[in-house]
Amino acid sequence: MCSVHVHLSLRGWVLCFASFAATLGAVFGATTCLTAQIREKPDDPLNYFIGGCATGMVLGARAHSYMTGSTACLGFGVTAALMKIGNKEGWRLTGPPKL
Numbered sequence: 001m002c003s004v005h006v007h008l009s010l011r012g013w014v015l016c017f018a019s020f021a022a023t024l025g026a027v028f029g030a031t032t033c034l035t036a037q038i039r040e041k042p043d044d045p046l047n048y049f050i051g052g053c054a055t056g057m058v059l060g061a062r063a064h065s066y067m068t069g070s071t072a073c074l075g076f077g078v079t080a081a082l083m084k085i086g087n088k089e090g091w092r093l094t095g096p097p098k099l
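Residue numbers (UniProt numbering): 1 to 99.
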């Protein structure tokens with residue numbers, strides 16, 4: 001675990017962060033895919049909420065904090081579900097580009 005090593009170089013910290021970010025992405029993708037297959041609803045925003053929640057729980061486990069895990073679960077889950085809903089319905093955060 002990267003937080004145990006006090007004397008990591010900058011390269012070591014970057015690799016540590018990158019590997020943890022890759023882990024979070026893998027957990028999100030795998031959980032979303034598994035829930036979509038189990039529920040037989042591939043485009044349901046609930047699958048993305050569950051994937052985001054699982055990602056938040058991994059973050060909380062890494063921080064050794066139930067509060068961090070539950071807050072991140074809710075935050076990542078809601079964000080992922082809203083992104084899925086927005087993509088399905090064609091939401092735009094900005095207007096068309098000005099030429």
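Note that beta-carbon positions come from the ideal geometry of N, C-alpha and C, so glycine has one too.
Rounded C-alpha distance that separates residue i from residue j
i, j, result
"Gly51", "Ala80", "8 angstroms"
"Ser9", "Ala18", "14 angstroms"
"Gly60", "Gly86", "27 angstroms"
"Leu34", "Gly90", "25 angstroms"
"Thr31", "Thr94", "30 angstroms"
"Gln37", "Arg11", "39 angstroms"
"Leu82", "Lys88", "10 angstroms"
"Ala26", "Pro97", "33 angstroms"
Which listed residue (the options) has its alpha carbon closest to that of residue i
i, options, result
"Phe28", "Leu82, Gly77, Gly95 and Trp91", "Gly77"
"Gly56", "Pro42, Phe20, Leu34 and Ile38", "Phe20"
Cβ shell of residue i (< 6 angstroms), same chain only, five flanking positions each side left out
i, result
"Lys84", "Pro45 and Tyr48"
Cut-off 8 angstroms between Cβ atoms - residues of its own chain near residue i, not counting five sequence neighbours on either side
i, result
"Leu74", "Cys53 and Gly56"
"Ala63", "Gly69"
"Leu24", "Thr55, Val58 and Leu59"
"Lys41", "Asn47"
Close beta carbons around residue i, own chain, < 7 angstroms, minus the five adjacent residues each side
i, result
"Ala72", "Gly56, Leu59 and Gly60"
Residue i: CB within 7 angstroms of a non-hydrogen atom of the ligand SAH
i, result
"Thr55", "Absence of the ligand SAH from the depicted structure is noted, as is the absence of any ligand whatsoever, leaving it without description."
**Prompt:** Fully enclosed by the segment 10-56, which alpha helix (DSSP H) runs are 4 residues long or longer?
**Reply:** 10-39
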